[in-house]
Each structure stands twice: as structure tokens, then as C-alpha cells.
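With mature numbering (1 follows the signal peptide of the UniProt record, and there is no 0) as the guide, the letters of the sequence shown map in order to residues -21 to -1, 1 to 220. Glycine included, each C-beta is placed from N, C-alpha and C at the ideal position.
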Amino acid sequence: MLQIQKLVLIGSVLTLTAVNAKIFHNVNFGVIGKNDTQEDAHRQKQKDEWIKKRQEIDTDVPRDFFLNKEIAWSTKFRFAANVSSHAWNGFVDGWYSKSKNKFDCDDDCFGTWIEEDFNEIQDLAQKSFHITSILDVTFEEFQDVFGDIFELLFKQDEVCGFRRVLKDTVAFCSQKGHCDIDKTLTNLEKHAFEIITKLSGLMDLGSKIKDVKKYDEIFDSADEIGESFGVILASLINFSV
């Protein structure tokens, strides 16, 4: 029986890895998003309010987005932050899908404030490479940049809940009988339908990934990918708080 468990676990990991590789190998920064009817009213309202603060969602993403020199660095940075925000929000939703004590990430998670801090840090870094420029850098500029660095580290954690997720996970796994490898097969059988559904959704997403072009479809898909992986991983250890 132990050998069977190992084979099942290995098969699950390989399947997840293959799906993830398929999605990101084919992506041209355009992917199919999930149907809005699958989201609850609160989640949809949160998403609508969040998206207004960022890029135009009804426009097409240019081909070779990150390689295109005509696209400003700030636009590429904002796009990457948007995708990261949706993926993380989706993962949090999936990870806490079986929990009573849930939480939603703050709207400032990967928000526009990050770009402002990075711009200041980048400006100082560029000055540091030129001896004539670095001599003109004031103490206040250094002070502001170090403040930006600490803000990036601690504010980002606060609004996104990185340590909250880690703390809840460690607390759950510290309890006797939780997160035991021997119980993974039992959890796999218990949540088989849900896991298979999420894996099928990811496979379907991977097959349609070349057919879409718009920003909102990419953001929806990042949300779906994150949520699916959150649900699958939470199911394997039966995570709940």
C-alpha cells in the first residue's frame, strides 16, 4: 500500500508540474479567463473596484510584450504586478476555500504604490553607477530610498498577507496528525472530484491559451490558475483554519 501511495503522490506532482509548464510555455501574455458567473458577488465587486485602478482591460496585449522596446518599463512593471496580484489573490481564495476563518488581500497588494517606490530606487541605483552623479546625491535621497525598501518589504507583506498564510499553515501542520504524508492518499480520495475538476480546468486553460489577447482575460486566468493550485494543495493536506 505504501508503494501505491508513493506512486499516486508522484503522479499528482508530475501532473501539476506538466499543467503549469504547458500554460506558461504557450502563453503569449494572453489567456482565457474564467466565467464571471463562477465568482461570488463579493469577489466580483472586489475585482471590479481593483481593476479600475490599473491598466485598460479591454485593449489587446502587444505581441512580444516584454521584448518590445517601444513599451515603457513602467507599463511592463504594472502588467507583471497585475498578474502577480491576481495570481496571489486567487491562490489565497483557493488555499482558504475549506476554512471558516478566511481573509481577502488588501487592494494595495501589488498596488501602484510599488511602482513609485521602485522608480525612486531605480533612479538612485542609476546615479550610483556614475561617479559624478553619486556625488550629487543628498542624504534625504538616500533616506527616502531606504524608506522605500523597507516599505516594499513590510507593507507588501501586510497588504498581501504573506506571513498570515505562512503562520496559518505552520499552525495547522503543527497539530498532531496534520500534514502527514501517510494521510495524503486519504485526502486525495476525499477530495478527488474537486482536484480532478481543477486539474481539468487547468488543462482546458492550457489548450485555449493562444486564442486570447486582452488584459482582462490574462488577469482572470492568473486568478484561476492561482485559485486552482490553492484548492489542489489545500485538498492534499486537508487544510482549514
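- Annotated as proximal: residue 170 and residue 214, with beta-carbon spacing under 8 Å.
- Under the 8 Å Cβ criterion, the stretch 57 to 75 counts as touching the stretch 138 to 155, having at least three qualifying pairs.
- Look at residue 162 here: in three-state DSSP terms it is helix.
- The beta carbon of residue 47 sits closer than 8 Å to the beta carbons of 41 from its chain, once the five residues preceding and following it are set aside; these are given in chain order.
- Under DSSP, the beta-bridge partners assigned to residue 193 are 39.
- Taking 8 Å as the cut-off, the beta carbon of residue 60 is found no closer than this to the beta carbon of residue 82.
- Judged by their CB atoms, residue 203 and residue 185 are not nearer to each other than the 8 Å cut-off.
- A direct Cα-to-Cα measurement between residue 98 and residue 45 gives close to 18 Å.
- Residues of the same chain with their beta carbon placed closer than 7 Å to that of residue 132 are lacking, with the five preceding and five following residues left out of the count.
- When 217, 207, 151 and 190 are compared, the shortest CA-CA separation from residue 66 is found for 207.
- For residue 160, same chain residues with a beta-carbon under 7 Å away, outside a window of 5 residues either side, do not exist.
- Under the DSSP assignment, residue 65 falls in the alpha helix (DSSP H) whose first and last residues are 52 to 74.
- The three-state reading of DSSP puts residue 89 in coil, since its state is none of H, G, I, E or B.
- When 178, 92, 75 and 57 are compared, the shortest CA-CA separation from residue 143 is found for 75.
- For residue 135, the three-state secondary structure derived from DSSP is helix.
- With contacts defined as CB atoms closer than 8 Å, residue 174 and residue 211 qualify as a contacting pair.
- Taking 8 Å as the upper bound for CB-CB distance, residue 93 and residue 128 are not in contact here, some 12 Å apart.
- Taking every protein chain shown into account, the CB of residue 39 has fewer than 16 other CB atoms within 10 angstroms, so this residue is exposed.
- The alpha-carbon of residue 218 is positioned some 7 Å away from that of residue 78.
- A residue is called buried when at least 16 other Cβ atoms come within 10 angstroms of its Cβ; residue 91 does not meet this threshold and is exposed.
- Under the three-state reduction of DSSP output, residue 217 falls in the coil class, being neither helix nor strand.
- Boundaries of the alpha helix (DSSP H) around residue 173: 171 to 187.
- Going by beta carbons, residue 62 and residue 151 fall outside the 8 Å limit.
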